[in-house]
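One structure is given below, encoded as structure tokens.
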Amino acid sequence: MKGRPVLGIISGLLFGFFLALLLQQLAIAPLTTVTLIGLPVAGVVLGIVLSAWAPLGRR
Amino acid sequence: MVRHWKPLLFASAFLALMWIPAVAFASVTGGCTGSVVIDGTTYGPANDTPSNPIVVPIDKSGVSAAWEGSVPFANTNHHGNLGIVVGPWNIEIANWSGANQADTRSANGDYSVDDFKAEFPVAESLIPRGLYELSGTHEADGGSCTAHVMVKIEGSPLSNPIGIATVAGTVVTGLTLLGSAFRRRTS
């Protein structure tokens, strides 16, 4: 891991949760299993990938 | 191009997740019918997608909803419930039951949107706006129906504290997620 995996997992989980709430508040998608569970899971995966890849910062 | 496969893959996954709810809904099963007129617009079983919801103008006062419904089967000893879908759960907000010995198969009435607002234990400005999926069932001696519709409580998410906290939370956690993509310094 070149980046920060713990930060990526936690922030990815919370980002997915808030994104699901935002989609509901903006009347784009209701809080279904796909959004309320799926988006946080996708956020965790995204956090792991971003921290493993770490495309930002000094090389 | 090969270098960019990861962001493209995950952008595609996010888009797919967001599109699934828009196409995965069915409406009424069992032959029951119903409609409601709110603020001059008639809604029915077709209002079951996020892009075509039943709109509740919560910021207006004095609005009433004229509703009617019927079942195609013997409606004695009936019971049913209505709930809000939250993730894998269905939170019950209403239920009904009765012997209905007269076998009444249709009903209608008026429901005040102001009464709906009064059901919330918070001030009107604090009622969460946005899109909700409602799911309900009705069973009787002659058969059963299931239904779900989309309901949009009209208003800007930035008009109440829950919406403001949601927008702020999305921005902060999004930036933090981006921070996890920075390389750690190696000495």
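If you read the protein sequences in the order shown, they are chains C and D. The first sequence begins at 1451 in the working numbering and counts up by one. The second sequence begins at 4 in the working numbering and counts up by one. Cβ atoms here follow ideal geometry from the backbone N, Cα and C, with glycine treated the same way. Computed from a prediction, not measured in an experiment: that's the story for all the values here.
**Study point:** Selected residue, minimal CA-CA separation from D/L178, among C/K1452, C/L1457, C/M1451
**Key:** As a first step, residue 178 of chain D must be located in the second sequence, where it is residue number 175. The shortest Cα separation from D/L178 among C/K1452, C/L1457, C/M1451 belongs to C/L1457.
Check your understanding: D/W70 to D/S109, Cα distance in whole Å?
Key -> By 1-based counting over the second sequence, the position of residue 70 of chain D is 67. By 1-based counting over the second sequence, the position of residue 109 of chain D is 106. Approximately 11 Å, taken between the alpha carbons.
Practice item. Return helix, strand or coil for D/A29, following the three-state DSSP convention. Key: Taking the first residue of the second sequence as position 1, residue 29 of chain D is located at position 26. With a pLDDT of only 45 at D/A29, under 50, the local geometry of the prediction cannot be trusted, and the value read off the model is given with reservation. Here D/A29 sits in coil by DSSP.
Review point. So what's D/W92 in DSSP terms, helix, strand or just coil?
Key: For the purposes of this step, residue 92 of chain D is taken as residue 89 along the second sequence, with counting starting at 1. Strand, per DSSP.
Review point. Sorted by chain position, which residues of the same chain lie with C-beta nearer than 8 Å to D/L85's C-beta, five sequence neighbours on each side aside?
Key: The residue given as residue 85 of chain D occupies position 82 in the second sequence. Excluding residues within five positions, the ones whose Cβ falls inside 8 Å are E95, I96, A97, N98, L137, S138, G139.
Point to revise | Same chain only: Cβ atoms within 7 Å of C/A1492, ignoring 5 sequence neighbours per side | key: Stepping through the first sequence from its first residue, residue 1492 of chain C is reached at position 42. Cβ neighbours of C/A1492 beyond the five flanking positions: G1466.
Check your understanding: For a contact meaning CB atoms closer than 7 Å, what does D/T176 contact in chain C?
Key -> Position 173 of the second sequence holds residue 176 of chain D. The contacting residues are S1461, L1464, F1465, F1468.
**Study point:** Three-state class that DSSP yields for D/K155 in the structure shown
**Key:** The count along the second sequence starts at 1 and reaches residue 155 of chain D at position 152. Three-state result, D/K155: strand.
Check your understanding: For D/S73, which option in D/L181, D/D106, D/F123 has the closest C-alpha, if you only look at C-alpha atoms?
Key -> Sequence index remark: in the second sequence, residue 73 of chain D carries index 70 (1-based). The candidate whose alpha carbon is nearest that of D/S73 is D/D106.
Check your understanding: When you compare each of C/L1506, C/L1472, C/I1459, C/L1469 to C/V1510 by their alpha carbons, which one comes out closest?
Key -> The structure shown has nothing for residue 1510 of chain C, since chain C only spans 1451 to 1509.
Practice item. Return the CA-CA distance between D/V167 and D/D42, expressed in angstroms with no decimal places. Key: The residue given as residue 167 of chain D occupies position 164 in the second sequence. The residue given as residue 42 of chain D occupies position 39 in the second sequence. Going by the sequence as given, residue 167 of chain D is Ile instead of Val. So the alpha carbons of these two residues sit roughly 28 Å apart.
**Study point:** Residues that D/S147 bridges to, as DSSP identifies them
**Key:** The sequence position of residue 147 of chain D within the second sequence is 144, counting from 1. In the DSSP output, where bridge partners are listed per residue, D/S147 has D/E142.
Check your understanding: Between the stretch 1496–1507 of chain C and chain D, which residues of the former have CB atoms less than 7 Å from a CB of the latter, in chain order?
Key -> L1496, G1497, V1499, L1500, S1501, W1503, A1504, P1505, L1506, G1507
Review point. Taking a cut of 9 Å between CB atoms, which residues from the stretch 114–136 of chain D lie near chain C?
Key: P131, R132, G133, L134, Y135, E136
Practice item. Alpha carbon to alpha carbon, how far is C/A1470 from D/S64? Give it in angstroms, no decimals. Key: On the second sequence, residue 64 of chain D is found 61 positions in, with the first residue counted as 1. On the first sequence, residue 1470 of chain C is found 20 positions in, with the first residue counted as 1. Computed Cα separation, rounded: 30 Å.
Review point. If you draw a straight line from the alpha carbon of D/S162 to that of D/E127, how long is it in whole angstroms?
Key: Here residue 162 of chain D is taken as the residue at index 159 of the second sequence, counted from 1. Here residue 127 of chain D is taken as the residue at index 124 of the second sequence, counted from 1. When rounded, the distance between both Cα atoms is 11 Å.
Check your understanding: Considering only the beta carbon of each residue, do D/P53 and C/P1480 sit closer than 8 Å?
Key -> Locating residue 53 of chain D in the second sequence gives position 50, counting from the first residue. Locating residue 1480 of chain C in the first sequence gives position 30, counting from the first residue. Contact flag set, yes.
Check your understanding: In chain C, which residues lie with their C-beta within 7 Å of the C-beta of D/A97?
Key -> Stepping through the second sequence from its first residue, residue 97 of chain D is reached at position 94. Chain C residues near D/A97: none, gap ~18 Å exceeds 7 Å.
Practice item. Count the other C-beta atoms from every protein chain shown that fall within 10 angstroms of the C-beta of D/I130, then say buried if there are 16 or more, exposed otherwise. Key: The count along the second sequence starts at 1 and reaches residue 130 of chain D at position 127. Per the 10 Å Cβ criterion, buried.
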